[in-house]
Ligand SMILES: [Zn+2]
Ligand SMILES: [Zn+2]
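In this note's numbering, the protein residues as written are 1 to 608.
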């Protein structure tokens, strides 16, 4: 394929690109809700728009497809006449008069500022009108100068918290969290496959495939059999429903941005070059350079179009990425490890088969049902776990302090245990009774020792008092670890990727306490959290920590998030024998039956 030819695209004009995807439409309604709240509008109107936003986000089909059918639109939960009309206006014209009016009436920056935890719509308006703040940089500067603290209801302490979150957003720049990025990438791939059935292979590559926490753009690699198909695919790619602006395109490469300015690029290769090209397109820049050097040493040339013989310029036949690494004298390196962080040295004489994979995972140790804040019944969650082939599942609804999450009072916990034990008889998946118990701000626990002793599994978390200083927070978590009943510490830093910065905590002190007390550290697989981070996980590996990789599912489909937790573990070089939910049910129960002080030694004996 030649570079540089211009495809005869159907049209790249914006006014022909009116179809919008669900997430953009959902975002418009969410923005309206925020702006209405900032304006002080009636709470019911605000709620109607935020409910519509939620409903659109969870629709299993593109809402744009039924835009002319007002009856079907009206059947969507929370869709009254006004919402139906607005949806139609938005999908048909690509704009919404109400949003434009609200944006005009309110000062710039409100929609940005409300994304910071601790800043509500009222404060955002005050900051924007009185102090002229419209960006995260200006917000940080205003707090540092002390000006921001003059606003009503802003204490010194809350200003310090807001500053941490604002700085995180400044550092993050235009990048988005991996969870949103994967969703966007999957939407693009699904739509492309529907429109171009002749695509032979398509994969998201780059930082999304490596599962970097924050990503700046989405790279897609696709293989096509001939030039004609290439033109069709480039045409489809540049007219996808989320295209806003096509930046460039030729017969093998195209780049566009969506409405939010986020960049998507696609690269086309022939099927026989796909495996090599995928290795090239996935690794970090420095990983790629290392591979180019290795290739040169073998009289090969490693490029974005695959691996070539330097002398003859012929493509090396490779049928898999494993093959590509093998040709360079290396074992297969999982995509998540391709960062030039020592993996190339290790892959010279280690086949990396000890690194955990999704196939090693046998159960899930963190899930919620509608007994607390889950969306589904215990039966539905268990059926979903069974469908995914899990051998065991711990049902860990919230404890009383988690009032917003409808935490279970002691008598309800007893009833919950009985329900889990009864369901265990017929479930087809072994069930563990459990709780996700709040660690209270003073480090005390949310249930009595007597109640905790009755549970198969106790996982414990920080859900409140997240603004504590590092010392207090560290002691608070270690106090919980000292309990003989606390088996696992969940989502240690309580961060929300791209949205809420982690709590201040001494990671090394926590890991040392985990090893000393026999406590397991959770790798929370929710793509919004990925907590522990890969960096923390790798540090934990070095310090001898044992992990659990758990989905924290609140919906049936969230069990599929396990792969994000596994990817985080792989980024942290976790070996499968360091993960307790790679144990069989009987071995897991044997592990949990031991006093905590003996558990790390028990785990060490695995596989020996
Ligand atoms: Zn939690
Ligand atoms: Zn949870």
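The C-beta atom is built at its ideal place from N, Cα and C for all residues, glycine as well.
Going by DSSP, residue 160 is part of the alpha helix (DSSP H) stretching over 156-172. Along the stretch 85-145, the alpha helix (DSSP H) occurs as fully enclosed runs of 4 or more residues at 97-105, 110-113, 121-131, 136-145, listed in sequence order. The beta carbon of residue 244 is closer than 6 Å to those of 257, 258, 259 in its chain, skipping five residues each way along the sequence.
Cβ contact annotation for residue 414 (same chain, cutoff 7 Å, sequence separation greater than five): none. In this structure, the CA atom of residue 600 is about 18 Å from the CA atom of residue 456. Put simply, the stretch 459-468 touches the stretch 484-497. At least three CB pairs are less than 8 Å apart.
A heavy atom of ligand 1 is found nearer than 7 Å to the CB of residue 491.
For residue 31, the three-state secondary structure derived from DSSP is helix. The set of residues with any CB-heavy atom separation to ligand 2 below 5 Å comprises, in chain order, 436, 552. Residue 589 has its alpha-carbon roughly 48 Å from the corresponding atom of residue 271. Counting the other Cβ atoms within 10 Å of the Cβ of residue 276 gives 16 or more, which makes it buried. For residue 31, the closest alpha carbon among the candidates 41, 50, 346, 45 is that of 50. In the assembly as shown, residue 424 is a buried residue. Its beta-carbon has 16 or more other beta-carbons within 10 Å.
A distance criterion of 7 Å places the beta-carbon of residue 464 beyond contact range of ligand 1, judged by its closest non-hydrogen atom. The beta carbon of residue 488 lies closer than 6 Å to those of 459, 520, 522, 548 in the same chain, with the five residues before and after it left out.
Bounds of the alpha helix (DSSP H) holding residue 274 are 274-282. Between residue 154 and residue 170, the alpha-carbon positions lie close to 21 Å from each other.
The DSSP-derived three-state label of residue 395 is strand. With respect to the 8 Å criterion, residue 390 and residue 434 are not classified as neighbours on the basis of their beta carbons. Around the C-beta of residue 483, 16 or more other C-beta atoms lie within 10 Å, and the residue is accordingly described as buried. Straight through space, the alpha carbons of residue 205 and residue 186 are spaced by roughly 12 Å. The residue among 46, 54, 91 with its C-alpha nearest the C-alpha of residue 63 is 91. For residue 357, the secondary structure class from DSSP, reduced to helix, strand or coil, is coil. Between the C-alpha atoms of residue 165 and residue 294 there is a straight-line separation of about 42 Å. Take the alpha-carbon of residue 558 and the one of residue 490: they are about 17 Å apart.
By the neighbour-count criterion, in which 16 or more other beta carbons inside 10 Å mark a residue as buried, residue 194 falls on the exposed side. For a cut-off of 8 Å, the C-beta gap from residue 378 to residue 324 is around 46 Å, too long to register as a contact. Sequence-distant partners of residue 480 (beyond 5 residues in either direction) whose C-beta falls short of 8 Å from its own C-beta, in its chain, are 439, 443, 445, 460, 486, 489.
Around the beta carbon of residue 564, a 10 Å sphere encloses 16 or more other beta carbons of the protein chains shown; the residue is thus reported as buried. Going by DSSP, residue 250 is part of no beta strand (DSSP E) at all; its letter is neither H nor E. If you ignore the 5 residues before and after residue 299, its C-beta comes within less than 6 Å of the C-beta of 310, all in its own chain and listed in chain order.
Residue 42 carries a coil assignment under DSSP once its states are collapsed to helix, strand and coil. Separation of residue 301 and residue 268 (C-alpha to C-alpha, rounded to the nearest whole angstrom) is 19 Å.
Checking the 7 Å criterion, the Cβ of residue 461 is within range of a heavy atom belonging to ligand 1. Residue 551 is classed as buried because its beta carbon has at least 16 other beta carbons within 10 Å across all chains shown. Secondary structure of residue 367 (DSSP, three-state): strand.
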